[in-house]
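Visitor: This structure is in structure tokens; I'll ask about it shortly.
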Amino acid sequence: MSHLLIIDDDPIVRAALKRTLHNQGYEVTVASNGEEGIIQAQQIKPALIICDWVMEPVDGLEVCRQIKDNQELSATFFILLTAKGKGSDKESVDERVKGLDAGADEFVSKPIDMEEVKARVRAGLRLYELNQTLQLQKYALEALNQELRADLDEAAEYVSSLLPAPLAGNITTEAKFIPSAQLGGDCFDYYWLDSDHLAMYLLDVSGHGVGSALLSVSVLNVLRTQSLPNTDFCRPSEVLSALNNGFQMSAQGDKYFTIWYGVYNAVNRQLVYANAGHPPAVLLFGASETATQVQRLESTGMPIGFIPDTDFDEASCEIPPSSTMYIFSDGAYEILLTDTQIWGLEAFISFLLDSQQKTNFCLDKLINYILCLNSKQVLDDDLSLLRVNFN
């Protein structure tokens with residue numbers, strides 16, 4: 005049963021409205037002035053209020069303003085009873101504008117036609133109930149969004165927990181994984197295949213959300229357990245071909261991924277690598293701090309999952325002593341500086357080169373620099389960055 009509140013200083017009007025609306029099946033409360041009406045509204049929280057415009061000391065406009073300013077009552081449908089603004093002249097229009105500006109939803113002119121009152125109450129209650137339904141849907145959606153955000157945060161923590169611990173010794177590693185606002189598909193790993201061969205890779209699954217993260221974790225588990233059949237994990241081209249055959253888009257919800265995969269031979273200091281649509285790794289080396297050289301470690305190859313039975317090119321290079329290699333996702337350099345300008349790969353590599361010549365440089369400083377460059381409060385994509393030091 006809808007609860008109505010009538011506010012009028014005329015006892016005859018109050019009684020007539022109460023009797024009429026009560027007979028329509030509504031629960032009706034009355035108040036004899038504006039102050040009492042505001043107090044009653046705060047207590048009973050009616051669905052609809054019928055209020056006289058001209059009252060002392062608080063008139064209907066002020067009652068309406070206070071009701072609409074109250075967060076708990078702002079959705080209440082408010083009907084002003086008035087002898088003002090009955091015509092179409094400018095003065096009448098101005099009066100109605102005042103009422104609308106105060107928050108009134110409808111007007112009923114005096115002398116009161118009870119059939120009109122009943123019709124306007126029915127219409128007002130329909131709008132009120134629609135508003136209540138929308139509010140409930142809004143609250144349910146907000147709760148669902150909060151639950152989804154919590155699930156995404158938990159999934160991001162799970163992905164982070166799978167990432168490897170830093171290496172120590174002649175080869176050391178430093179890595180950073182900064183999830184974007186939405187869970188993405190970045191992942192990386194490094195491990196010794198045997199006493200001489202160190203495998204390392206970084207992959208980036210298309211899209212965002214749990215589906216991308218699950219595919220990323222699946223690939224990590226396959227590579228970590230070396231469960232690709234008939235594959236020499238010391239041969240990057242074989243690894244990428246086996247991944248491509250095992251993770252076709254058609255079987256992965258139309259998701260694909262890029263990956264850079266390399267194997268370092270610690271005996272002859274040779275790195276063999278292959279690339280499937282991923283940004284190139286960057287090798288920095290030189291005889292002195294002022295003569296650092298840059299080599300991009302890239303090879304041609306389609307992203308994993310596009311076309312079955314694809315061959316991938318393999319390349320190799322010598323790793324000079326005291327070299328540093330960076331492997332990263334495109335989230336490390338596709339940073340939005342302005343609405344139309346992106347930082348870009350060239351600027352990113354230039355910053356790596358400049359930083360290499362500084363003492364005590366670490367990935368935290370690079371990450372902080374990137375986050376300061378970003379024009380948004382959050383990253384649009386996951387940022388993954390792996391640094392390998394060949395001491």
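Residues in the sequence shown are numbered consecutively from 5, following the working numbering.
No residue lacks a Cβ here, since even glycine has one placed at the ideal position from N, Cα and C.
No experiment lies behind these values; they were computed from the predicted model shown.
(1) The beta strand (DSSP E) that contains residue 191, what's its start and end?
(2) Is it true that the CB of residue 85 sits closer than 7 Å to the CB of residue 53?
(3) Can you confirm whether the segment 310-318 touches the segment 374-388 when touching is taken to mean that 3 or more C-beta pairs between the two stretches lie within less than 8 Å?
(4) Where residue 145 and residue 135 are concerned, what is the direct C-alpha to C-alpha distance, given to the nearest angstrom?
(5) What does the Cβ neighbour count give for residue 262, buried or exposed, with the cut at 16 atoms within 10 Å?
(6) Between residue 240 and residue 138, what straight-line distance do the alpha-carbon atoms span, to the nearest angstrom?
(7) Out of curiosity, what's the CA-to-CA distance linking residue 335 and residue 387?
(8) Is the segment 363-376 touching the segment 299-307, taking contact as three or more C-beta pairs under 8 Å?
(9) Return helix, strand or coil for residue 176, following the three-state DSSP convention.
(10) Is the separation between the beta-carbon of residue 243 and that of residue 277 shorter than 7 Å?
(11) Between the segment 213-229 and the segment 175-194, can you find at least three pairs of beta-carbon atoms closer than 8 Å?
(12) Roughly how many angstroms separate the alpha carbons of residue 392 and residue 299, rounded to a whole number?
(13) Leaving out five residues on either side along the sequence, give the residues of the same chain with a beta carbon under 8 Å from the beta carbon of residue 155.
(14) Can you tell me whether residue 266 is helix, strand or coil according to DSSP?
(15) Are three or more beta carbon pairs between the segment 27-35 and the segment 72-79 nearer than 8 Å?
(16) With DSSP as the reference, label residue 208 as helix, strand or coil.
(17) So which of 389, 297, 161, 248 has the shortest CA-CA distance to residue 327?
(18) Let's see if you can read the secondary structure: which residues bound the beta strand (DSSP E) around residue 349?
(19) Can you tell which of 309, 111, 107, 374 has the C-alpha that lies nearest to the C-alpha of residue 253?
(20) Nearest to residue 181 by alpha carbon, out of 26, 17, 333, 352?
(21) Is the Cβ-Cβ distance between residue 273 and residue 318 less than 7 Å?
(22) Smallest Cα separation from residue 267: which of 320, 129, 284?
(23) Residue 285 to residue 153, Cα distance in whole Å?
(24) On a Cα-Cα basis, can you pick out the residue from 260, 269, 271, 275 that is closest to residue 282?
(25) What are the start and end residues of the beta strand (DSSP E) that includes residue 391?
(26) With DSSP as the reference, label residue 299 as helix, strand or coil.
(27) Within 10 angstroms of the Cβ of residue 57, are there 16 or more other Cβ atoms? Answer buried if so, exposed if not.
(28) Quick one, are the C-beta atoms of residue 37 and residue 59 less than 7 Å apart?
(29) Quick one, which of 236, 209, 238, 234 has its alpha-carbon nearest residue 224's?
(30) Would residue 191 and residue 202 qualify as a contact pair, given that the criterion is a beta-carbon distance under 7 Å?
(31) Since residue 34 is in the beta strand (DSSP E), which residue starts that stretch and which ends it?
(32) Please list, in chain order, all residues of the same chain as residue 342 whose beta carbon is under 7 Å from its beta carbon, the five residues on each side excluded.
(33) Tell me the DSSP secondary structure of residue 7 in three-state form.
(34) In three-state terms, what does DSSP make of residue 248?
(35) If we ignore side chains and look at the alpha-carbon of each, how far apart do residue 101 and residue 133 end up?
Guide: In brief:
(1) 190-196
(2) no
(3) no
(4) 15 Å
(5) buried
(6) 55 Å
(7) 5 Å
(8) no
(9) strand
(10) no
(11) yes
(12) 14 Å
(13) 214
(14) strand
(15) no
(16) strand
(17) 297
(18) Looking at the DSSP string, residue 349 is not in any beta strand (DSSP E); the run it does join, the alpha helix (DSSP H), is 349-360.
(19) 309
(20) 333
(21) no
(22) 320
(23) 32 Å
(24) 260
(25) 387-394
(26) strand
(27) buried
(28) yes
(29) 209
(30) no
(31) 31-35
(32) 379
(33) strand
(34) helix
(35) 25 Å
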